Amino acid sequence: MVVGAGLAGVRSVEALRARGFGGGITLIGEERHRPYDRPPLSKGVLLGETDSTVVDSDLDALEVDFRAGVSAKGLHPGVVETTEGELAYDGLVVATGARPIRLRGDGPQHVVRTIDDALRLRSLLSEGTRVAVIGAGWIGAEVATAARRAGCAVTVVEAAATPLAAALGRVGAYTAPWYAEAGVDLRLGTMVASVEHGGLTLADGSALEADVVVTGVGVRPATEWLAGSGIRLDNGVVTDEHLRTSLPDVVAVGDCAAWWSRRYGVRLRVEHWDTALGAPDVAVATLLGDAAVYDPVPYFWSEQFGHMVQYAGHHDGARPIRRGDPEAEGKPRWAVCWMTEDDRLAAVLSVNRPRDLVQGRRLIEGGQRLDVDRLTDPAIALRDCTVA
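When you line the sequence shown up against UniProt numbering, it's residues 1 to 388, in that order.
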C-alpha cells in the first residue's frame with residue numbers, strides 16, 4: 001500500500017513493478033486528481049504556460065488500485081484507517097508530503113501547494129491587482145515573478161533581513177536587488193501580525209492594503225494521521241539511511257521523510273522534487289528486503305525574475321566563497337561555493353551558471369579537495385579546481 005499520490009507515491013508504485021513485485025498495490029491520495037508534479041505550479045501554471053502537470057505514468061499498465069479522494073486517518077500494524085474504511089497492507093510506503101503553513105487572521109490567504117491552489121490564484125492575477133506575498137523564500141519569489149508578469153502591483157513582506165534567509169543565509173542578500181529591478185516592493189525585517197480582509201496588519205500596527213494575499217512561509221510534514229501509531233516522528237517520519245521507519249514493513253519517502261544522511265552526518269528532510277523522484281527506489285528496495293542506501297546530494301532549482309537559480313548540497317557549518325559578481329551589469333552569472341574546513345565542496349549555488357551546478361554536484365559526490373584560490377576565479381571551470 002502507498003499512502004500519498006504525489007510524485008513520490010507514483011514513483012514508489014513504478015519502483016515496485018520495476019523490481020518485479022507482482023502482488024496487489026493500492027495507491028491512495030486525498031486529492032481527486034491523478035498524480036501530478038508540483039514544481040511547475042509556482043512556475044508554468046502561475047505564468048499561464050500550462051494548465052496541467054500530470055505525471056507521465058500509466059497507472060492501468062502498472063495494475064494499481066488507485067483511489068483518489070481518499071485520506072489516511074490512522075495507522076495500526078498491518079492496517080491503514082482511511083476515509084473509506086480500513087485497508088490492510090503487508091508493506092507500506094508513507095508518502096503523504098507536507099501542508100503549507102497559514103498565518104492567523106480572518107482574511108483570505110492563498111497558498112501554492114496543489115493544482116487547484118495554483119489555478120485559483122492565477123485567475124486573480126491581472127493588471128493592477130494589488131498582491132501581498134508573505135515570505136521571500138523560493139515560493140514567494142516565484143509567485144512575485146508571476147504576479148509582476150501579469151501586471152500586478154506586488155509587495156513582498158519578509159521577516160528576515162534577506163530573501164531566502166532560511167535556505168541560503170546571508171548569501172540570499174545577493175538576490176534582493178532583483179525585486180526592485182522587477183518593480184516589486186520588498187520589505188525586509190517586517191513581521192506580519194495577521195491576515196485581514198483587504199490586506200495585512202503588520203507587527204508594528206500598520207496596515208498593508210492588498211486585493212490578494214499569498215502566504216509562502218513554509219510547510220509542515222503531513223504526519224498528523226500517524227499520531228498514536230507508534231511510528232517515530234520528529235520533523236517528519238524518522239527513517240534510517242535505508243528509508244526504513246521505526247515500524248516493521250513501513251518505509252517513508254518525499255517531503256514527509258526525515259532521513260539519515262551518511263554523507264553529511266545529519267538527519268535531513270528535503271522538500272524538493274529531486275527527493276521525491278529518487279527516494280522511492282531505495283525505499284521499495286528496503287521494503288522488498290534488498291540492501292540499498294539513500295544518500296544523495298540534495299538538489300533544487302528556481303526560476304525567479306528572469307534568473308535560473310540552482311542549488312545542490314547541504315551547507316550548514318561550511319564557509320561561503322563567491323565566484324563572479326552578483327552586481328555585474330546585465331544578467332549577472334555568479335555562484336557561491338560552501339567549503340568544509342578541509343577544503344571540500346559541501347554545497348553550490350549557481351545563478352545563470354548551470355555548468356557550475358553540474359560540475360559542483362559531481363565534486364560534492366566525489367569528495368575531492370579543491371584549490372580555493374582557483375575556485376574564486378569564475379573563468380576557471382570548477383572541475384579544474386581539484387587538488388591533485
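Don't be surprised by glycine CBs; every beta carbon is placed ideally from N, CA and C. Small disclaimer: the values here were computed from a predicted structure and weren't measured.
Taking the straight line between their C-alpha atoms, what separation do you get for residue i and residue j?
i, j, result
"Arg170", "Glu14", "40 Å"
"Pro39", "Ile115", "10 Å"
"Asp373", "Asp384", "12 Å"
"Gly317", "Thr340", "8 Å"
"Gln269", "Gly236", "For the record, residue 269 in the displayed sequence is Arg; it is not Gln. Going from the Cα of Arg269 to the Cα of Gly236 covers about 7 Å."
"Ala160", "Tyr311", "20 Å"
"Leu16", "Thr286", "11 Å"
"Glu303", "Tyr294", "27 Å"
"Thr82", "Leu59", "21 Å"
"Gly366", "Leu208", "49 Å"
"Thr26", "Thr145", "39 Å"
"Val133", "Thr96", "26 Å"
"Arg11", "Pro35", "10 Å"
"Ile231", "Val387", "45 Å"
"Gly313", "Val45", "28 Å"
"Gly23", "Leu87", "15 Å"
"Leu200", "Gly69", "33 Å"
"His33", "Asp117", "13 Å"
"Val309", "Trp301", "6 Å"
"Trp138", "Leu363", "25 Å"
What do you get for residue i, buried or exposed, if any count of 16 or more other CB atoms within 10 angstroms of its CB means buried?
i, result
"Ser123", "exposed"
"Lys43", "buried"
"Met1", "buried"
"Val54", "exposed"
"Met191", "exposed"
"Glu181", "exposed"
"Glu30", "buried"
"Asp37", "buried"
"Pro248", "exposed"
"Ser206", "exposed"
"Ala257", "buried"
"Arg244", "buried"
"Gly20", "exposed"
"Ala381", "exposed"
"Ala291", "exposed"
"Gly140", "buried"
"Thr175", "buried"
"residue 407", "The chain is shown from 1 up to 388; residue 407 falls before or after that span and cannot be answered."
"Thr50", "exposed"
"Glu127", "exposed"
Let me know the secondary structure DSSP gives residue i once reduced to three states.
i, result
"Cys152", "coil"
"Leu62", "coil"
"Pro77", "coil"
"Val112", "coil"
"Tyr179", "helix"
"Tyr294", "coil"
"Leu288", "coil"
"Ser246", "coil"
"Glu365", "helix"
"Glu271", "coil"
"Gly26", "Correcting the residue type first, residue 26 is Thr in the shown sequence and not Gly. Note: Thr26 maps to strand in three-state DSSP."
"Glu303", "strand"
"Gln383", "This sequence places Arg at residue 383; Gln is not what is there. Arg383 falls in the helix class under three-state DSSP."
"Pro35", "coil"
"Arg355", "helix"
"residue 456", "One cannot answer for residue 456 here, as it falls past the ends of the chain, which runs 1 to 388."
"Gly4", "coil"
"Ala165", "helix"
Do residue j and residue i have their beta-carbon atoms positioned less than 7 Å apart in this structure?
i, j, result
"Pro296", "Gly278", "yes"
"Ala98", "Pro280", "no"
"Val217", "Ile28", "no"
"Trp338", "Pro354", "no"
"Arg262", "Glu241", "yes"
"Leu125", "Ala150", "yes"
"Arg130", "Ala210", "yes"
"Asp342", "Leu370", "no"
"Ser229", "Leu75", "yes"
"Gly360", "Val348", "yes"
"Gly107", "Val195", "yes"
"Thr215", "Gln109", "yes"
"Val184", "Val143", "no"
"His315", "Ala346", "yes"
"Val250", "Leu47", "no"
"Arg187", "Val157", "yes"
"Val79", "Ala72", "no"
Mind reading off the beta-carbon distance from residue i to residue j? Whole number of angstroms is fine, and I expect it under 8 Å.
i, j, result
"Gly4", "Val94", "7 Å"
"Ala283", "Val253", "5 Å"
"Gly6", "Ala222", "With 8 Å as the limit, Gly6 and Ala222 do not qualify as a contact, their Cβ atoms being about 10 Å apart."
"Ala335", "Val351", "7 Å"
"Leu164", "Ala136", "7 Å"
"Arg104", "Glu84", "Actually they are not in contact, since the Cβ atoms of Arg104 and Glu84 sit about 33 Å apart, beyond 8 Å."
Is there a Cβ from chain B that is less than 7 Å from the Cβ of residue i?
i, result
"Gln368", "The chain labelled as chain B is not found in the depicted structure, where only one protein chain is given."
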